[in-house]
Amino acid sequence: DQQVKQNSPSLSVQEGRISILNCDYTNSMFDYFLWYKKYPAEGPTFLISISSIKDKNEDGRFTVFLNKSAKHLSLHIVPSQPGDSAVYFCAASATGGSEKLVFGKGTKLTVNP
Amino acid sequence: GAVVSQHPSWVICKSGTSVKIECRSLDFQATTMFWYRQFPKQSLMLMATSNEGSKATYEQGVEKDKFLINHASLTLSTLTVTSAHPEDSSFYICSAIAGSSYNSPLHFGNGTRLTVT
Chain A
1 DQQVKQNSPS
11 LSVQEGRISI
21 LNCDYTNSMF
31 DYFLWYKKYP
41 AEGPTFLISI
51 SSIKDKNEDG
61 RFTVFLNKSA
71 KHLSLHIVPS
81 QPGDSAVYFC
91 AASATGGSEK
101 LVFGKGTKLT
111 VNP
Chain B
1 GAVVSQHPSW
11 VICKSGTSVK
21 IECRSLDFQA
31 TTMFWYRQFP
41 KQSLMLMATS
51 NEGSKATYEQ
61 GVEKDKFLIN
71 HASLTLSTLT
81 VTSAHPEDSS
91 FYICSAIAGS
101 SYNSPLHFGN
111 GTRLTVT
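Listed below in structure tokens is the structure:
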């Protein structure tokens, strides 16, 4: 049973436009959410996180939105750059922190010049 | 930033042999490290939580006698895949929390691609 779902395996956007990556979850006990970016042959690197007490967190070009009632979160990248091309993983935990993270399958983002 | 080094990056071994994977935190001490596994086109799955100086905590369905974890110091955890079989072929990746709080994000190694022939 996939508790964290990223239903779009891939996404392609033009440089300068907005990239929106979506993530849905089923476990109502999740209270901490993170986004990781992964380049080929490298481990995931942390991008941004959000606690369930918030509905938005922003860090530079990256903004994460959380809709608890819909059990949905999204990552917005504005403006998108070719260097953003990578696989993005959504992760969640029910521990309030990074213990026992549950990951989605990832979405491959391609930003075209 | 916090760096986690994992070695080897890839390994091919014959069925029945054992393989050891090392995970080191290079610029911070990691009381706790986590081992994940990823099959092709699947999500990262937590295998076990490695605690310095004590036994690892394994997730349901993960055989502790097959996947031996040793966390001998604050900077090193090892995963040994014993009597490896082709179905153990996967991408294994370790991670550690760099901060003092579990609110700190995980930092991942670059992973180890294991192929068992």
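Residue numbers (this note's numbering), protein chains in the order written: chain A, 1 to 113; chain B, 1 to 117. Note that the Cβ used here is the ideal one computed from N, Cα and C, for glycine as well. Fair warning: this is a prediction, and the values are worked out from it, not measured in the lab.
Alpha carbon to alpha carbon, how far is residue i from residue j?
i, j, result
"B:Gly16", "B:Pro86", "9 Å"
"B:Gly53", "B:Gln29", "13 Å"
"B:Asp65", "B:Glu59", "13 Å"
"B:Ser89", "B:Asp27", "30 Å"
"A:Tyr39", "B:Asn51", "28 Å"
"A:Tyr88", "A:Ser51", "19 Å"
"A:Lys71", "A:Gly96", "16 Å"
"B:Thr82", "A:Arg17", "49 Å"
"B:Ser18", "A:Asn112", "43 Å"
"B:Thr117", "B:Trp10", "14 Å"
"B:Leu68", "A:Ser69", "41 Å"
"B:Ser127", "B:Ala98", "There is no way to answer for residue 127 of chain B, as the model of chain B reaches only from 1 to 117."
"A:Phe46", "A:Cys90", "10 Å"
"A:Gly43", "A:Tyr36", "9 Å"
"B:Glu193", "A:Thr107", "The requested residue 193 of chain B does not occur in the structure, where chain B is confined to residues 1 to 117."
"A:Gln6", "A:Thr110", "16 Å"
"B:Ser25", "B:His71", "12 Å"
"B:Lys20", "B:Lys55", "17 Å"
"A:Val4", "A:Thr63", "19 Å"
Could you check which residue in the options has the C-alpha nearest to that of residue i?
i, options, result
"A:Ala94", "A:Leu21, A:Leu34 and A:Tyr39", "A:Leu34"
"A:Phe65", "A:Gly96, A:Ile20 and A:Lys100", "A:Ile20"
"B:Gln6", "B:Leu114, B:Thr115, B:Arg113 and B:Gly109", "B:Gly109"
"B:Phe34", "A:Ser98, A:Lys105 and A:Thr107", "A:Ser98"
"B:Thr80", "B:Val4, B:Val3, B:Ile12 and B:Glu22", "B:Glu22"
"A:Ile48", "A:Lys68, A:Leu73 and A:Tyr39", "A:Leu73"
"A:Leu67", "A:Lys54, A:His76 and A:Ile77", "Here the sequence assigns Asn to residue 67 of chain A, which means Leu is not the residue at that position. Taking only the C-alpha atoms, the option nearest A:Asn67 is A:Lys54."
"B:Gly61", "B:Thr32, B:Lys55, B:Met47 and B:Ser83", "B:Met47"
"B:Met45", "A:Thr110, A:Lys108, A:Leu109 and A:Asp1", "A:Asp1"
"A:Ala41", "A:His76, A:Ala86 and A:Thr110", "A:Ala86"
"A:Cys23", "A:Ser69, A:Ser8 and A:Lys37", "A:Ser8"
"B:Val3", "B:Leu106, B:Thr117, B:Thr115 and B:Leu114", "B:Leu106"
"A:Asp31", "A:Lys5, A:Val78 and A:Ala92", "A:Ala92"
"B:Thr32", "B:Lys20, B:Arg113 and B:Ser104", "B:Ser104"
"B:Lys14", "B:Arg24, B:Ala84 and B:Thr112", "B:Ala84"
message: Three Cβ pairs or more, each shorter than 8 Å: is that satisfied between the segment 87-99 of chain B and the segment 17-32 of chain A?
response: no
task: Please name the residues in the segment 34-46 of chain A whose beta-carbon is closer than 9 Å to at least one beta-carbon of chain B, in chain order.
output: Leu34, Tyr36, Lys38, Ala41, Glu42, Gly43, Pro44, Thr45 and Phe46
- prompt: Any chance the segment 56-65 of chain A sits against the segment 4-16 of chain A, with 3 or more Cβ pairs inside 8 Å?
  reply: For the pair of segments examined, the segment 56-65 of chain A was found not to touch the segment 4-16 of chain A: the number of CB pairs separated by less than 8 Å stays below three.
query: Touching or not, the segment 69-76 of chain B and the segment 82-93 of chain A, by the rule of three or more beta carbon pairs under 8 Å?
result: The segment 69-76 of chain B is not in contact with the segment 82-93 of chain A.
- prompt: Which residues, taken in chain order from the segment 41-52 of chain B, show a beta carbon closer than 8 Å to some beta carbon of chain A?
  reply: Along the segment 41-52 of chain B, the positions whose C-beta sits under 8 Å from a C-beta of chain A are Lys41, Gln42, Ser43, Leu44, Met45, Leu46 and Thr49, read in chain order.
message: Closer than 8 Å is the cut-off here; do at least three beta carbon pairs connect the segment 98-110 of chain A with the segment 23-43 of chain B?
response: yes
- prompt: At a Cβ cut of 8 Å, what residues of the segment 56-78 of chain A count as close to chain B, listed as they run along the chain?
  reply: Within the segment 56-78 of chain A, no residue qualifies.
- request: Would you list, in sequence order, the uninterrupted beta strand (DSSP E) runs of no fewer than 3 residues that lie entirely inside the segment 10-83 of chain B?
  value: 10-13, 19-25, 32-38, 45-51, 67-73 and 76-81
query: Which residues, taken in chain order from the segment 95-109 of chain A, show a beta carbon closer than 8 Å to some beta carbon of chain B?
result: Those residues of the segment 95-109 of chain A that come within reach of chain B (Cβ to Cβ, closer than 8 Å) are Thr95, Gly96, Gly97, Ser98, Glu99, Lys100, Leu101, Val102, Phe103, Gly104, Lys105 and Gly106.
query: Where in the segment 23-84 of chain A do unbroken runs of the beta strand (DSSP E), each at least 3 residues long, occur, reported from the N-terminal end onward?
result: 32-38, 45-51, 56-59, 62-67 and 72-77
- prompt: Got a sec: which bits of the segment 12-24 of chain B sit with their beta carbon under 9 Å from any beta carbon on chain A, in order along the chain?
  reply: none
query: Listed from N- to C-terminal order along the chain, which residues in the segment 104-116 of chain B have their beta-carbon within a distance smaller than 8 Å of any beta-carbon of chain A?
result: Ser104, Pro105, Leu106, His107, Phe108, Gly109, Asn110 and Gly111
message: Please list, in chain order, the residues of the segment 2-32 of chain A that have any C-beta partner in chain B closer than 9 Å.
response: Gln2, Val4, Gln6, Pro9 and Tyr32
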